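The structure appears right after this line, and notes come after that.
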Amino acid sequence: MAQAVGGDPLGFREQALRARREGLAAARAGRPPTDAPRYTDPRLTAAWVRGYVAAEQAEQ
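Sequential numbering from 571 applies to the sequence shown in the working numbering.
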């Protein structure tokens, strides 16, 4: 598998984008932020939260 700078597999980017989109969708659906999935990688949790916050800020 190809490696990105820093040793992370390129697949992480796809996972992070998916987590961010899921966070956006959750906020738009009116779900509370406590519905965040429990990812094993904290960076994916952060991506989900960024998506959630981005959707909430766009509404304002």
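C-beta atoms are modelled at their ideal positions from N, C-alpha and C, and glycine is treated no differently. Keep in mind that this is a model prediction, so the values were computed, not measured.
Asked, Found
"Residue interval of the alpha helix (DSSP H) (run including ARG620)", "612 to 629"
"Best match in GLN630, GLU626, PRO612 and ALA617 for proximity to ARG591 [C-alpha to C-alpha]", "ALA617"
"With 16 other Cβ atoms within 10 Å as the buried cut-off, status of LEU587", "exposed"
"Start-to-end residues for the alpha helix (DSSP H) that takes in ALA589", "581 to 598"
"Distance, ALA624 Cα to PHE582 Cα", "20 Å"
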